[in-house]
Amino acid sequence: MNILIVSATYLEIEPLLTHFSFIHQPNQKLRQYHFKNHEIDVLIPGVGMTFTAYWLGKTLTQKRYDYALNLGIAGSFTDELSIGEVVHIVSDRISELGAEDGEKFLSLIDMDLLEDEDFTLQNGEMMNTIPIKNDSINKLKKVRGITVNTTHGEDNSIKKAMKLFHPDVESMEGAAFLYACLLEGISCVQIRAISNKIEKRKRENWNIKLAIKNLTKTSLEILQTL
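The numbering of the sequence shown is this note's numbering, which starts it at 7 and goes up by one.
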């Protein structure tokens with residue numbers, strides 16, 4: 007199968023790549039590998055929606071993929087998710103996309119600026135309607151995500167995001183990945199491991215090493231059963 011893996015940084019994906027056989031590097035962001043019976047392209051676009059949107063769009067015009075996986079780490083809004091836990095993000099939205107009206111936030115729906123799209127929206131939330139069907143993925147906890155340009159780290163902004171969107175996790179690329187895959191009709195999945203709780207920035211409470219270790223293990227299980 008032809009599989010595309012998208013990861014914002016090399017750090018998040020490096021341990022997984024040691025299990026692959028390198029073939030070729032077409033450009034500075036894309037590397038091609040062989041694993042089992044799969045041809046795997048690994049795209050590392052950089053952090054954020056802008057880099058992801060450009061490089062993913064460019065990549066999808068050059069090749070047709072059977073599956074696409076977004077792998078990485080994420081912060082958690084809820085105490086129900088443990089540091090290091092691997093989750094399946096089944097819905098996403100760009101939480102900052104809208105306008106401020108005093109203390110009130112207006113979404114594109116509130117302003118009648120959201121036109122009909124070619125995928126299922128529920129109150130402005132993108133739903134993954136074409137997920138990869140896989141037993142290893144099905145075992146993971148399903149969560150709701152938001153995608154941001156600035157990660158939350160201030161009490162009032164955290165409370166506001168939780169009240170408006172009821173998210174479980176946040177990332178900086180997920181919605182861009184999901185949007186592209188849905189419009190291209192590519193079965194996709196967002197798999198992320200929790201590296202930190204979303205709070206005032208306390209790096210001493212983070213455990214990126216554990217998150218990446220568990221992400222690698224789960225990713226291998228998924229790829230071995232596709």
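Ideal Cβ positions, reconstructed from N, Cα and C, are used throughout, including at glycine.
Item: In the structure shown, what three-state DSSP assignment does Arg99 receive?; Value: coil
Item: Can you tell me which of Ile136, Ser163, Asp141, His172 puts its alpha carbon nearest to the alpha carbon of Asn129?; Value: His172
Item: Tell me whether Gly81 sits in a helix, a strand or coil according to DSSP, three-state version.; Value: strand
Item: Over what stretch of residues does the alpha helix (DSSP H) that includes Glu227 continue unbroken?; Value: 214-230
Item: Which residue comes first and which comes last in the beta strand (DSSP E) that contains Ser201?; Value: 193-203
Item: Using the Cβ count rule (16 or more neighbours within 10 Å means buried), how would you classify His40?; Value: exposed
Item: Short check: CB of Val93 to CB of Val195, under 8 Å?; Value: no
Item: With a threshold of 16 other CB atoms inside 10 Å of the CB of Ser88, please say whether the residue is buried or exposed.; Value: exposed
Item: How is the beta strand (DSSP E) around Tyr39 delimited, first residue to last?; Value: 36-41
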